[in-house]
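Engineer: Encoded as structure tokens, here's the structure I'll be asking about.
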Amino acid sequence: MKIDVLCIGHAAYDLTFSVPYHPQADEKMFATEYVGCGGGPAANAASTVQKLGGQAAFAGYLGQDSFGEFHLAEMKEMGVDVSLVVRGVSPTPLSVILAKPEGSRSLVNYRGGTKPLPKEAVRFDAVYPQVVLFDGWEPEVSLQWVERSSGGQALTVLDAGSVHRGTELLLNRVDFVVASEKFGRQYTGTDDMATAVSELGKLAKTAVITLGDRGLIWQRGTESGALPAYPVQAIDSTGAGDTFHGAFAYALSQKRPWLDVLRFSSAAAALCCTQYGARLGIPTRREVAEFQSQFAGCF
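Everything in the sequence shown is counted per the working numbering, starting at 1 for the first residue and increasing by one.
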């Protein structure tokens with residue numbers, strides 16, 4: 001199976017509610033918008049690759065419940081290869097998201113008894129991706145790929161959203177680490193993101209730290225730089241980071257020049273913030289191109 005990007009990691013089902021503000025203790029409020037859709041970092045990244053015109057595959061877990069069925073059907077409809085999805089009796093992880101008007105959010109995730117898959121749960125014998133994206137939430141399955149493909153042709157990317165066992169295991173085993181500001185601060189112990197990206201750049205060939213509406217910074221060998229964020233009227237930031245990672249991996253699979261990879265990923269993530277729900281906000285490749293054309297010469 002030849003694919004552009006294989007995404008290994010977490011899948012959930014998201015219930016997103018638009019609220020005017022975050023409720024206080026014992027307060028009842030009514031949402032003005034509601035969106036139910038698939039979620040999870042790696043699953044969202046796979047959906048992003050597919051929406052942008054690439055071919056993605058997702059490897060991870062979904063429960064044999066209604067939320068698992070909804071999510072699987074959604075990915076199939078998008079064209080994501082789901083032959084590496086493992087089903088089981090543990091529940092599909094569920095996230096409830098409260099999105100405020102300016103785009104900030106609060107999230108509660110429920111995983112029940114769902115645990116990471118054992119190494120042998122997924123077989124990659126017939127999978128030939130250009131790029132592999134890990135979110136760290138399936139560490140054993142991810143390590144299986146790393147160990148069997150050491151020195152292989154596929155580029156590897158780590159979505160380092162927070163410090164946990166999976167991200168720590170994979171950090172120095174990938175070509176690219178794309179970290180959140182939270183991860184940079186947690187892992188390096190500094191609030192200075194220039195120092196943090198330099199430290200991460202010692203572990204992976206290329207390190208990027210995304211800074212939300214402040215853009216991003218990067219370190220690539222002896223080269224480094226920064227890129228501002230594309231300006232948008234954000235209403236929900238859910239999935240923006242996942243969209244960035246998916247677009248980043250897809251752009252790498254298309255062998256785009258380095259700065260084009262960053263610009264393309266940033267534009268896709270910015271557009272994701274303009275709609276409610278992680279999946280509904282994912283743009284098409286044409287939408288990204290049209291959006292970027294508005295800022296020609298500015299980035």
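Every residue, glycine too, gets a C-beta built ideally from N, C-alpha and C.
Since the structure is predicted, the reported quantities are computational estimates derived from the model, not experimental observations.
Could you check whether Ala247 and Ala268 sit closer than 7 Å to each other, using their CB atoms as the reference points?
Structural biologist: For the purposes of this step, residue 268 is taken as residue 268 along the sequence shown, with counting starting at 1. For the purposes of this step, residue 247 is taken as residue 247 along the sequence shown, with counting starting at 1. Their beta carbons are under 7 Å apart, which means Ala268 touches Ala247 by this criterion.
Engineer: What residue range is occupied by the uninterrupted alpha helix (DSSP H) comprising Pro139?
Structural biologist: Taking the sequence shown and counting its residues from 1, one reaches residue 139 at position 139. For Pro139, the enclosing alpha helix (DSSP H) begins and ends at 139-148.
Engineer: Quick check on this structure: which residue in Gln233, Phe244, Ala240, Val157 has the alpha carbon closest to the alpha carbon of Leu203?
Structural biologist: The count along the sequence shown starts at 1 and reaches residue 203 at position 203. Looking at Gln233, Phe244, Ala240, Val157, the one whose alpha-carbon comes closest to that of Leu203 is Val157.
Engineer: Starting from the C-beta of Arg105, find all residues in its chain whose C-beta is less than 7 Å away, skip the five residues before and the five after it, and write them out in chain order.
Structural biologist: Numbered from 1 along the sequence shown, position 105 holds the residue referred to as residue 105. For Arg105, where only same-chain residues beyond five positions count, the Cβ hits under 7 Å are Ile97, Leu98, Ala99, Asp236, Ser237, Thr238.
Engineer: Am I right that Leu6 and Val85 are in contact with their C-beta atoms under 8 Å? What's the rounded C-beta distance?
Structural biologist: Counting from one through the sequence shown, the residue named residue 6 turns up at place 6. Counting from one through the sequence shown, the residue named residue 85 turns up at place 85. Not really, about 12 Å apart at Cβ, beyond 8 Å.
Engineer: At the level of alpha carbons, what is the spacing between Ser162 and Met1?
Structural biologist: Position 162 of the sequence shown, counting from 1, holds the residue named residue 162. Position 1 of the sequence shown, counting from 1, holds the residue named residue 1. Cα to Cα, the separation comes out at about 31 Å.
Engineer: The beta strand (DSSP E) spanning Gln130 covers which residue range?
Structural biologist: Taking the sequence shown and counting its residues from 1, the one referred to as residue 130 is at position 130. First-last of the beta strand (DSSP E) with Gln130: 128-134.
Engineer: Closest to Gly63 by CA distance: which of Leu94, Lys76, Phe291, Glu33 is it?
Structural biologist: Along the sequence shown, one-based indexing puts residue 63 at 63. The candidate whose alpha carbon is nearest that of Gly63 is Leu94.
Engineer: May I ask you to report which of helix, strand or coil DSSP gives Asp242?
Structural biologist: Working through the sequence shown from its first residue, we reach residue 242 at position 242. Three-state DSSP puts Asp242 in a helix.
Engineer: For Lys2, name the three-state secondary structure that DSSP assigns.
Structural biologist: To locate residue 2, count along the sequence shown from 1; it is residue 2. Reduced to three states, the DSSP call for Lys2 is strand.
Engineer: How would you call Gly113, buried or exposed, if buried means at least 16 neighbouring beta carbons within 10 angstroms?
Structural biologist: Position 113 of the sequence shown holds residue 113. By the 10 Å Cβ count, Gly113 comes out exposed.
Engineer: Cutting at 7 Å between CB atoms, please list the residues of its own chain near Thr190, excluding the five before and the five after it.
Structural biologist: As a working mapping, residue 190 is identified with position 190 in the sequence shown. Counting only Cβ-Cβ distances below 7 Å, and skipping sequence neighbours, we find Ala196.
Engineer: Below 7 Å CB to CB, which residues in the same chain sit around Trp145 once its five sequence neighbours on both sides are set aside?
Structural biologist: Against the sequence shown, residue 145 aligns to sequence position 145. Ile8, Phe124, Val132.
Engineer: Which runs of the alpha helix (DSSP H) at least 4 residues long sit entirely within the stretch 63-115? Give them in chain order.
Structural biologist: 66-78
Engineer: Any contact of the stretch 20-36 with the stretch 49-63, i.e. 3+ C-beta pairs under 8 Å?
Structural biologist: no
Engineer: Drop a sphere of 10 angstroms on the beta-carbon of Asn172, count the other beta-carbons inside from all chains shown, and report buried for 16 or more, exposed for fewer.
Structural biologist: Translated into positions along the sequence shown, residue 172 becomes position 172. When all chains shown are included, Asn172 counts as exposed.
Engineer: So what's Val178 in DSSP terms, helix, strand or just coil?
Structural biologist: As a position in the sequence shown, residue 178 is number 178, starting the count at 1. Three-state result, Val178: strand.
Engineer: From the DSSP output, which residues share a beta bridge with Ser18?
Structural biologist: Working through the sequence shown from its first residue, we reach residue 18 at position 18. Glu33, Ala99.
Engineer: Can you tell which of Phe70, Val208, Ala289 has its C-alpha closest to the C-alpha of Thr92?
Structural biologist: In the sequence shown, counting from the first residue as 1, residue 92 sits at position 92. Taking the Cα of Thr92 as reference, the smallest distance to any Cα among Phe70, Val208, Ala289 is reached at Phe70.
Engineer: Candidates Gly277, Pro231, Ser293: which alpha carbon is nearest Asp260's?
Structural biologist: Counting from one through the sequence shown, the residue named residue 260 turns up at place 260. For the residues Gly277, Pro231, Ser293, the minimum Cα distance to Asp260 belongs to Ser293.
Engineer: Would you say the beta carbon of Arg123 comes nearer than 6 Å to a heavy atom of the ligand FAD?
Structural biologist: The ligand content of the structure shown is nil, which means the ligand FAD is not present either.
Engineer: Counting only beta-carbon atoms, is Thr210 nearer than 7 Å to chain B?
Structural biologist: The structure shown contains no chain B; it holds only a single protein chain.
Engineer: Using three-state DSSP, classify Gln50 as helix, strand or coil.
Structural biologist: The count along the sequence shown starts at 1 and reaches residue 50 at position 50. Reduced to three states, the DSSP call for Gln50 is helix.
Engineer: Take Gly136 as the anchor and find which of Asn109, Glu147, Thr167 has the nearest alpha-carbon.
Structural biologist: To locate residue 136, count along the sequence shown from 1; it is residue 136. Comparing Cα-Cα distances from Gly136 to each of Asn109, Glu147, Thr167, the minimum goes to Thr167.
Engineer: Please go through the same chain and pick out, in chain order, the residues whose beta-carbon is closer than 8 Å to the beta-carbon of Pro41, but skip the five residues on each side of it.
Structural biologist: Position 41 of the sequence shown, counted from the first residue, corresponds to residue 41. So the list reads Gly9, His10, Asp135, Trp137, Asp159, Gly161, Gly241, Asp242, His245, once near-sequence residues are dropped.
Engineer: At which residue ranges does the stretch 147-224 contain complete alpha helix (DSSP H) runs of 4 or more residues, listed in the order of the chain?
Structural biologist: 165-170, 181-188, 193-200
Engineer: Do the CB positions of Leu271 and Phe295 come within less than 7 Å of each other?
Structural biologist: For this step, residue 271 is matched to residue 271 along the sequence shown. For this step, residue 295 is matched to residue 295 along the sequence shown. No, the pair does not count as a contact, with Cβ atoms beyond the cut-off.
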